[in-house]
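Chemist: In the working numbering, the protein residues as written are 703 to 1596.
Quick one: structure below, then a few questions.
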């Protein structure tokens, strides 16, 4: 008995753990048990009381407003009352009340609200529930609105006004709004995994995480008008994708996310108009394809890694967009209109930090003091392939401030920047293949291009263009206490001792002007002093497309001008790689001066053979820069297959990766596709290229004759020939109306008719035999042979009068192929030897039953040999070789 009870108990637990659906509707009558919509619980609290922890129960709720103090197990008006979710429970809202599946819901028309406003109509949050929801592990909320929770107590009761959990909760298509907490997590306290959800106007009054306090993973979510002391939206590790953070407010830092010594990963997100501390604060943020716009207090701080991001009109006391703590990597980003309102770094500040910036653009950024675009005082900045246009510093370094640090700058453009001292750059810098054009310093003798601050400051120039820069009206001014050098590639340290003797000097182009230093004389060696540099179009530096860093930029060198091939490819012992646009350096006989390399493209010419047999996709024909990689893919047209490449490059793989070092001529060779997909005897090449028939149907025109037969016999496989054949077959006398060509065609038609056995061919009319020549008669023999192989009809050989037209070899062949065709005509048996007749007696013939169109195999036996055989049935076969309407009866034996 005990054993039986244990088994029953186990079955009960198994049934319960499998999960149930419990129904809730605020329109339900009292007394429901939650088993259906008709018997739904009226209160959510009553449904939760019936769930089992870990049992994966689901609760389905109709539209309406549900309060945690409603239900049998709670007291009305009790702020401690909460919707308590056991582990593994899922609540689904958005039902109308008649659905049979979750997919039938239309949540937008049936909002389900879980509200902490337990005294409806009393807007004072002091009377709201302390927690709207307390969730166990692995709980799920789907299409619910959670609102008006106020955790204004202490300890646990001061956290998670909307949702409190000590584990992770899953939110799908949920809204958390108007929740608050005195401490942490106005909306949620606990770890969150959210998708397509929104968080609005949640507040952590004196604490952190206005919307969420905890590790957060969010996709396609929106966070608006949340607030907190730190982390107006999220405080904790964050992985966010395709999310929007807008209009949030932090008192101290992290107007969107604060992750002190934690990790933030954001991809394809928008951070807009957030206020009070940087939108993303502290931690080691990784940002991909994000937009930061109009954030007051700055965009991001920490050890920043950003790729493909835009920073627009952000502002902060220092580092209007980014504040880099120790290290950072900025790649392919745009910085427009950012402002440092009090100190340095209009776009980026990174004092004492080491960071790199590449392939990025800085326009119209400004700083109250130093570094209109970038300030990296006391640190090391590496800049490559960047554009600095119209940035402004009220003090030093209109574009870059490297005060008491060093800036390594490669392949970059400084244009129209301005500062009080150092129109483009302040203090020590090493510049290789840069263009410094039309920058301005407002103070006398302050360096329109570069200002050197101390006696230990120095600027090293290699392969640079310096032109049109003004210092209080003096052209191309280098000013300060340090040393301007023009070093070459013979082994030198990266940053030579400023007191070391100059060894070899290599070319720069100084477009006229002076170098004015308080100490240290300067010898520019082989530097060209000419005016002006021969640009493509100085008046339109961005080019016709209005975009910097593209092939039509106006500061590119002209062909055969004074910048082309005028530099040294080994400057400073360093391989330069690519210019500011992305062109490979050293396109001609040498490297060009400045940030741009004149493009000497190579031609890729691809020929298709045979013509119209295929195509080459992806890069294809055209002009390519040196070292550019062209990927070409040979794609055959239908009816062909790729065979090989010929010309300057050979091979048998469809895909080639070509590195352009010279002009390349190449032939893509295609061959006929000999496969036969529909098994009609025609290759895919013949079907698609020659005849335009359907390669997936053996009878394209559905006239009963396969495509190959029609082609072999001069018929059109795209035209249904049934009407013509019927006309001739039904009117043999019409043969006399045809010419010799017509007769030949008629023979072909007869062959086909015999092969398909749809009707008796015209030659079955003995009188028509005389119309044919010997070649026709030979053709008739072939007809008979073909007819013998047909399973659907008895051939013309069944006409005894035509037998004489055939020689013995034909008859033997017929015997072999048809296995008892002529024996069905008793008068023709005498044509055969006894041996042949014996063979025929036991042969099988497959004939069509007139009525049903099915087939049956029959044993043909002499009647006297049926002794001791059991007759199991009789079948009549209609054979009509000459319109005789003759039937033959066969006994089916076993």
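Each residue gets a CB set at the ideal place from its N, CA and C atoms; glycine is no exception.
When you compare only the Cα positions, how much space is there between residue 723 and residue 761?
Modeler: Approximately 6 Å between the Cα atoms of the pair.
Chemist: Could you pull the DSSP bridge partners for residue 1346 from this structure?
Modeler: BP columns for residue 1346 point to 1371.
Chemist: Taking the CB atoms as reference points, tell me whether residue 1002 and residue 981 lie closer together than 8 Å.
Modeler: Contact: yes.
Chemist: Closer than 8 Å is the cut-off here; do at least three beta carbon pairs connect the segment 1139-1146 with the segment 1112-1125?
Modeler: The segment 1139-1146 vs the segment 1112-1125: in contact.
Chemist: Could you check which residue in 1419, 1393, 1397, 1392 has the C-alpha nearest to that of residue 1405?
Modeler: For residue 1405, the nearest C-alpha among the options comes from 1419.
Chemist: Which value, in whole angstroms, describes the spacing of the CA atoms of residue 803 and residue 869?
Modeler: Cα to Cα, the separation comes out at about 29 Å.
Chemist: Pull up the distance between the alpha-carbon of residue 646 and that of residue 743, whole angstroms please.
Modeler: Examination of residue 646 is not possible in this model, given that the chain is present from 703 through 1596 alone.
Chemist: Can you have a look at residue 1138 and say buried or exposed, based on whether 16 or more other CB atoms are within 10 angstroms of its CB?
Modeler: Per the 10 Å Cβ criterion, buried.
Chemist: Consult DSSP for residue 1319 and reduce its assignment to one of helix, strand or coil.
Modeler: Here residue 1319 sits in strand by DSSP.
Chemist: Can you name the residues that DSSP bridges to residue 762?
Modeler: Residue 762 is bridged to 725, 794.
Chemist: Identify which residue in 1135, 853, 1160, 765 has its Cα closest to the Cα of residue 810.
Modeler: Ranking the options by Cα distance to residue 810, first place goes to 765.
Chemist: Tell me the DSSP secondary structure of residue 1029 in three-state form.
Modeler: The answer is strand: DSSP assigns residue 1029 an E or B state.
Chemist: Quick one: what does DSSP say residue 801 is sitting in, helix, strand or coil?
Modeler: DSSP places residue 801 in coil when its eight states are reduced to three.
Chemist: Suppose you measure from the CA of residue 721 to the CA of residue 1056; what does that come to, to the nearest Å?
Modeler: Approximately 56 Å, taken between the alpha carbons.
Chemist: Take the Cβ of residue 1301 as the centre, count every other Cβ of all protein chains shown within 10 Å, and call the residue buried at 16 or more, exposed below.
Modeler: The residue is buried, with at least 16 neighbouring Cβ atoms inside 10 Å.
Chemist: Please identify the residue among 759, 1284, 896 whose C-alpha is closest to the C-alpha of residue 1034.
Modeler: The shortest Cα separation from residue 1034 among 759, 1284, 896 belongs to 1284.
Chemist: Within a Cβ cutoff of 6 Å, which residues of the same chain sit near residue 1396, ignoring the five residues on either side of it in sequence?
Modeler: If we look at residue 1396 and ignore the five residues flanking it on each side, its Cβ neighbours are 1402.
Chemist: Give me, in chain order, the residues of the same chain whose beta-carbon lies closer than 6 Å to that of residue 727; leave out the 5 immediate sequence neighbours on both sides.
Modeler: Taken in chain order, the residues that qualify are 742, 764, 799.
Chemist: Could you tell me which of 1410, 1392, 1135, 1161 sits nearest to residue 1296, measuring between CA atoms?
Modeler: The option with the nearest alpha carbon to residue 1296 is 1135.
Chemist: At the level of alpha carbons, what is the spacing between residue 1105 and residue 1235?
Modeler: Rounded to whole angstroms, residue 1105 to residue 1235 spans 30 Å at the Cα level.
Chemist: What runs of the beta strand (DSSP E), each 3 residues or longer, lie entirely inside the segment 1040-1124?
Modeler: As far as the segment 1040-1124 is concerned, its whole beta strand (DSSP E) runs of at least 3 residues are 1056-1060, 1063-1065, 1082-1086, 1089-1091, 1094-1098, 1108-1112, 1115-1117, 1120-1123.
Chemist: Return the residue from the list 1293, 854, 1058 that minimises the CA-CA distance to residue 1110.
Modeler: It is 1058.
Chemist: Suppose contacts are defined by Cβ-Cβ distances below 8 Å. Is residue 786 in contact with residue 861 by that definition?
Modeler: The answer is no: Cβ separation not under 8 Å.
Chemist: May I have the straight-line CA-CA distance separating residue 906 from residue 883, to the nearest angstrom?
Modeler: The alpha-carbon atoms of residue 906 and residue 883 are separated by roughly 5 Å.
Chemist: Can you list, in chain order, the residues of its chain with a C-beta nearer than 7 Å to that of residue 1390? Leave out the 5 residues immediately preceding and following it.
Modeler: If we look at residue 1390 and ignore the five residues flanking it on each side, its Cβ neighbours are 1340, 1341, 1397.
Chemist: I'd like to know if the segment 984-992 and the segment 954-969 are in contact, where contact means that at least 3 CB-CB pairs between them fall below 8 Å.
Modeler: The segment 984-992, when compared against the segment 954-969, does touch it at the 8 Å Cβ threshold.
Chemist: Less than 8 Å between the C-beta atoms of residue 1017 and residue 1043, yes or no?
Modeler: In this structure, residue 1043 lies closer than 8 Å to residue 1017 by Cβ.
Chemist: Pull up the distance between the alpha-carbon of residue 1550 and that of residue 1416, whole angstroms please.
Modeler: Since pLDDT at residue 1550 reaches only 34, below the 50 mark, its modelled position is unreliable, and the value read off the structure follows with that caveat. Taking the straight line joining both Cα atoms gives about 29 Å.
Chemist: Relative to the C-alpha of residue 1350, which candidate in 1331, 1370, 1343, 1356 has its C-alpha closest?
Modeler: Among 1331, 1370, 1343, 1356, the Cα nearest to that of residue 1350 belongs to 1370.
Chemist: Based on Cα-Cα distance, which residue from 817, 752, 751 lies nearest to residue 779?
Modeler: With distances taken between Cα atoms, residue 779 lies closest to 817.
Chemist: Name the residue from 839, 822, 1407 whose alpha carbon lies nearest to the alpha carbon of residue 757.
Modeler: For residue 757, the nearest C-alpha among the options comes from 839.
Chemist: With DSSP as the reference, label residue 1397 as helix, strand or coil.
Modeler: Coil.
Chemist: Assuming residue 1173 contacts residue 1148 under a Cβ cut-off of 8 Å, what Cβ separation, rounded to an integer in Å, is found between them?
Modeler: So it is a contact: roughly 5 Å between Cβ atoms.
Chemist: Using CA coordinates, which residue listed in 1081, 1108, 923 is at the minimum distance from residue 1130?
Modeler: Looking at the Cα atoms, 1108 is the closest of the given residues.
Chemist: Runs of 3 residues minimum, wholly inside the segment 925-963: which ones carry the beta strand (DSSP E) assignment?
Modeler: DSSP runs (the beta strand (DSSP E)) wholly in the segment 925-963: 929-932, 940-943, 946-948, 951-955.
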